[in-house]
Amino acid sequence: MTVAAPPLLQMTGITKSFPGVKALDGVQLEVDRQEIHALLGENGAGKSTLLKILAGAQSPDQGEILFDGKPVTLANPHAAQQLGIVTIYQEFTLAPDMSIAENVFIGREPGRWPFVSWARMADETEKLTRRIGLERNPMTLVRDLSVAEQQMVEIARALSMDSRVIIMDEPTSALSLAEVEKLFKIVRRLKDEGISIIFVTHRLEEVMEVCDRYTVLRDGRNVGAGSVSDITIDGIIRLMVGREVNALFAHREAAEPGPVALEVKRLTRLRTAQDPHATEIRDVSLHVRRGEILGIAGLVGAGRTETARAIFGADPFDSGEVFVDGTPVTIRTPRDAIAHGIGLVPEDRKLQALFLSQAIRTNISVAALDRIGRFGIFVDEAKERGLVEEYRKLLNIRMAGAEQAVGNLSGGNQQKVVLARWLALRPKVLIVDEPTRGIDVGAKVEVHNLLFEMARSGIAVIAISSELPEVLSVADRIVTMREGHVTGELMRADATQEKLMAMMTLGTTSRAA
Amino acid sequence: MAEVKQGAADSGSVDLFGFLARFAPLIFLVVLMAVFAVLEPRFMSSINLFNVMRQVSITGLLAIGMTFVILTAGIDLSVGSLLAFAGLVAAAVAKGGMQDRFTVGEGGVGYGWELAALAAIAVGIAGGLVQGFSITRLKVPPFVVTLGGMSVFRGAALLFAAGGPISGFEHDFTWWGQGKIGPVPVPVIIFLVCGLLAHIVLRYTRYGRQIYAVGGNPEAARLSGLNVTAIICSVYVIMGFFAGLGSFVLAARLNSAEAVAGTGYELTVIASVVIGGTSLFGGVGTIFGTIIGSILIGVLLNGLVLMNVSSYIQQIIIGVIIVLAVAFDTFAKSRRRKV
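So the sequence lines, in the order shown, correspond to chains A and B.
Mapped onto our numbering, the consecutive letters of the first sequence carry residue numbers 1 to 513.
Mapped onto our numbering, the consecutive letters of the second sequence carry residue numbers 1 to 339.
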């Protein structure tokens, strides 16, 4: 490599704000020719935003992008592709009912317009797929391919665009061990052919194995970059979590927990042909006691939400047992779960919990209508208003009135409405999935205090969070998950962010399997 | 604190908009009536107004059922066909079979109006149940199921009556369509009583609440422990009930049932519901609005007839109005989203 040649891709001072949050703040990223570059960071560190900017899906507020030493603007996805920057997303963008060849050349079909030359298309597709070791007839439907083969079609498509940088977002998350090795072989061959790869992954061993250099983001800023040979996995973890624990997040005096309220044994949910990208959970066993807050930590795709949804009957599971108060129970639907005293505050309150255009009153009472009924069929509105008022005070919900549409409330108050709905049912077990996502710090503290209050009143609480400081502050005991497995358990007193991050990223379960 | 103030301010302006959105149909109705009253003096005569109400009551009954369906973000295109089929069954029951299909009272083998009415309602409920089952269990979209139903029930009606009408009923049968209590036609009373009952169900019962919840956000409703499948199935049964009841009243009014009855009703009925402010996206709407919407369409058609506007043009006007009403609803929804 000549000394004078500038890096292939150079991003400097990239800043991007969304309402209320600065996603990227003066970030830089440098990718050399013929390099496999790891882009690393916790959930919410800004990786996705940076990738979107590179793909031309979003434009930065500030910053400069040099490609081949020349300044460029990536105004739209087409512009990025013209330069040879192609992104392969975690969720593939293939059309399942079209052939490999059609998918590779979609929108750029060879032939004299308006006709498509099928022979040429098949021919060129075969050349591309051979190059990466996919031995399939180009006319095979994508639907009939395995996930790994579909990924190869994505790579073939990227190659067909004469790409110079291929961005791979979590390319190994859906692959088996053998398939991962094969992918690495392809990636190395592409590198030898002169293509640079930006590799986004949560699996740090893979970074050590295949990548040349790394860049770590945290809270939208650069916190480290360098050569992979100069750093250890521990070093990367330290960079990823190095943020100070927010002093606002207080612990509670952990009370003596009561008897086991909920126990789950060997809960398993596998992918199906209909949904090959679903996150699997395998042999998940855990329990939570009355008056205890169990935290579940893990990275995106670790299976935390899937575990919660399976326990609650929101998704079917393949095998496993659920015990409430020591008694085995059958839960097939959320109705069953509620009947057994289990509640779930889902991760996306707008899509999964709230009736946005309807009143706060009906949003709070919807699950508890039988408690405020009259003659079995009518709703007693006086009792209903009393219920709303009770929880407005208890949870300090700031609202104009009970008839206000819940969509007009701030995120924190919306979340309190969802919590009120479940508290009105007086559950034995309450699972809260990302209880403070998208709400401001003040409201976060309030929600944390509410969780403490619930535990004190004897509810068994399971708190799922992507934010390690939150897990560390809220939970009495923490279980970590990775790729659908439970990888460890720590009492809060023994837990640190570094230990948890190691358990979330290094669990060797799937590699051993 | 700033956040609270802003919330309050927002809700104030939304309330004004919501107020207008809620009463827009009523305001439009009053304006329309005033215009017709000025242009055509015959319009405001009490005979004409009761006549309008009598015409409105059949599609109005269907619109009450359709409100339940649309509140769950569903649709039922089969209402007109189901009404024709149920009406023929009721007529056949009233006549005691298919002999004497054009005579009154002779032979005396027919059954009373009670059984005829029951038969019509039973057919309607059965039709609704089959469609509701197909939508919830076979997971075929409501649009497709009821489009199929539209053809199936029309075919069944033609088959059942061999294409012809069945007419000539006893007086106590036709009273339900032609009779009056005081000055008020019986169908109008049936329509308004059913409207009141439906209003009570939607506004004051747990079941009503659950319909709004399922329509507002089916996933949230499921995760709140509601039996979404049963609720969605039930609204098609309710729609079927009203199609059966409507068919009985229509047969009574016309003293005849025929296989082509109710052709095109789905458009009028859906238009009545949508103009009345019920959102095709589900979760928003009232029976009060639907009643106003039904009367509005009835008044519009009646006024246009009195002014000798061609029925072709009437069809064009109805079509334009339904699109405008949905455009307004979409606009209202995007406004709700923004805040």
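Every residue, glycine too, gets a C-beta built ideally from N, C-alpha and C.
Against residue i, what residues of chain B qualify as contacts under a CB-to-CB distance less than 8 Å, listed in chain order?
i        : result
Thr362/A : Arg209, Tyr212, Ala213
Flag residue i as yes if its beta-carbon sits less than 9 Å from any beta-carbon of chain A, otherwise no.
i        : result
Thr205/B : yes
Gly216/B : yes
Gly107/B : The predicted model places Gly107/B with a pLDDT of 49, which falls under 50 and marks its position as unreliable; any figure quoted below should be read in that light. With 9 Å as the cut-off, Gly107/B does not count as an interface residue toward chain A.
Gly7/B   : Legend: pLDDT at Gly7/B = 38, less than 50; position of this residue unreliable, no value from coordinates given.
Phe19/B  : no
Asp329/B : no
Identify the contact partners of residue i in chain A, using a Cβ-Cβ distance below 8 Å as the criterion.
i        : result
Gly283/B : Phe355, Ser357, Gln358
Please list, in chain order, the chain B residues whose beta carbon lies closer than 7 Å to that of residue i.
i        : result
Val322/A : Ordered by position in chain B, no residue passes the 7 Å Cβ test against Val322/A, which lies about 16 Å from the chain.
Ile338/A : Gly225
Ala314/A : Leu223
Tell me the DSSP secondary structure of residue i in three-state form.
i        : result
Met11/A  : strand
Thr362/A : helix
Gln151/A : helix
Thr330/A : coil
Lys499/A : helix
Pro257/A : coil
Ile232/B : helix
Leu26/B  : helix
Gly298/A : coil
Glu489/A : strand
Lys16/A  : strand
Pro6/A   : coil
Glu347/A : coil
Asp123/A : helix
Glu446/A : helix
Ile431/A : strand
Met168/A : strand
Val479/A : strand
Any beta carbon from chain B within less than 9 Å of residue i's own beta carbon?
i        : result
Thr305/A : no
Ile459/A : no
Arg421/A : yes
Val447/A : no
Arg335/A : yes
Leu369/A : yes
Gln415/A : no
Phe317/A : no
Phe18/A  : no
Leu344/A : yes
Leu351/A : yes
Val366/A : yes
Ala5/A   : no
TODO: Report yes or no: do the stretch 260 to 272 of chain B and the stretch 198 to 209 of chain B share at least 3 C-beta pairs separated by less than 8 Å?
DONE: Fewer than three beta-carbon pairs drawn from the stretch 260 to 272 of chain B and the stretch 198 to 209 of chain B are found closer than 8 Å, and the two stretches are therefore not classed as touching.
Task: Interfacial residues, the stretch 220 to 249 of chain B to chain D, with Cβ spacing under 7 Å - done: This model lacks chain D altogether; the protein chains it does include are A and B.
TODO: May I ask you to list, following chain order, the residues of the stretch 373 to 389 of chain A that have a beta carbon less than 7 Å from some beta carbon of chain B?
DONE: Of all residues in the stretch 373 to 389 of chain A, Gly373, Ile377, Phe378, Val379 have a Cβ within less than 7 Å of some Cβ in chain B.
Task: Sufficient close CB pairs (3 or more, under 8 Å) joining the stretch 158 to 174 of chain B to the stretch 265 to 273 of chain B - done: With a cut-off of 8 Å on Cβ pairs, the stretch 158 to 174 of chain B is not in contact with the stretch 265 to 273 of chain B, counting fewer than three such pairs.
Task: Given 8 Å, three or more beta-carbon pairs between the stretch 27 to 42 of chain A and the stretch 183 to 203 of chain A - done: At 8 Å Cβ cutoff, the stretches touch.
- [ ] Return the residues of the stretch 145 to 172 of chain A that lie within a Cβ-Cβ distance of less than 9 Å from chain B, sorted by chain order.
- [x] The residues in question: there are none.
Open item on the list: Along the stretch 249 to 279 of chain A, where does the CB come closer than 9 Å to a CB of chain B? Name the residues.
Closed with: None of the residues of the stretch 249 to 279 of chain A has a beta carbon lying less than 9 Å from any beta carbon of chain B.
Task: Segment contact flag, the stretch 61 to 69 of chain A with the stretch 104 to 114 of chain A, C-beta cutoff 8 Å, min 3 pairs - done: The stretch 61 to 69 of chain A vs the stretch 104 to 114 of chain A: no contact.
Open item on the list: Using 8 Å as the cut-off, can you tell me whether the stretch 245 to 254 of chain B makes contact with the stretch 61 to 76 of chain B, which would need three or more C-beta pairs spanning the two stretches below that distance?
Closed with: At 8 Å Cβ cutoff, the stretches touch.
TODO: For the stretch 77 to 86 of chain B and the stretch 138 to 150 of chain B, state whether three or more C-beta atom pairs, one from each stretch, are separated by less than 8 Å.
DONE: The answer is yes - the stretch 138 to 150 of chain B touches the stretch 77 to 86 of chain B, with three or more Cβ pairs under 8 Å.
TODO: Count the CB pairs spanning the stretch 317 to 329 of chain A and the stretch 264 to 275 of chain A that are closer than 8 Å, and state whether there are at least three.
DONE: When Cβ pairs closer than 8 Å are counted between the two stretches, the stretch 317 to 329 of chain A is seen to touch the stretch 264 to 275 of chain A, the count reaching three or more.
Open item on the list: Using 8 Å as the cut-off, can you tell me whether the stretch 207 to 219 of chain B makes contact with the stretch 270 to 285 of chain B, which would need three or more C-beta pairs spanning the two stretches below that distance?
Closed with: Between the stretch 207 to 219 of chain B and the stretch 270 to 285 of chain B there are three or more C-beta pairs closer than 8 Å, enough to call the two in contact.
Open item on the list: Counting beta carbon pairs with one atom in the stretch 398 to 411 of chain A and one in the stretch 367 to 375 of chain A, are three or more of them shorter than 8 Å?
Closed with: Not touching, per the Cβ criterion.
Open item on the list: Check whether the stretch 111 to 120 of chain A and the stretch 159 to 173 of chain A touch, using three or more Cβ-Cβ pairs below 8 Å as the test.
Closed with: No, the stretch 111 to 120 of chain A is not in contact with the stretch 159 to 173 of chain A.
Open item on the list: So, does the stretch 354 to 369 of chain A touch the stretch 289 to 296 of chain B, judging by three or more C-beta pairs under 8 Å?
Closed with: With fewer than three CB-CB distances shorter than 8 Å, the stretch 354 to 369 of chain A does not count as touching the stretch 289 to 296 of chain B.
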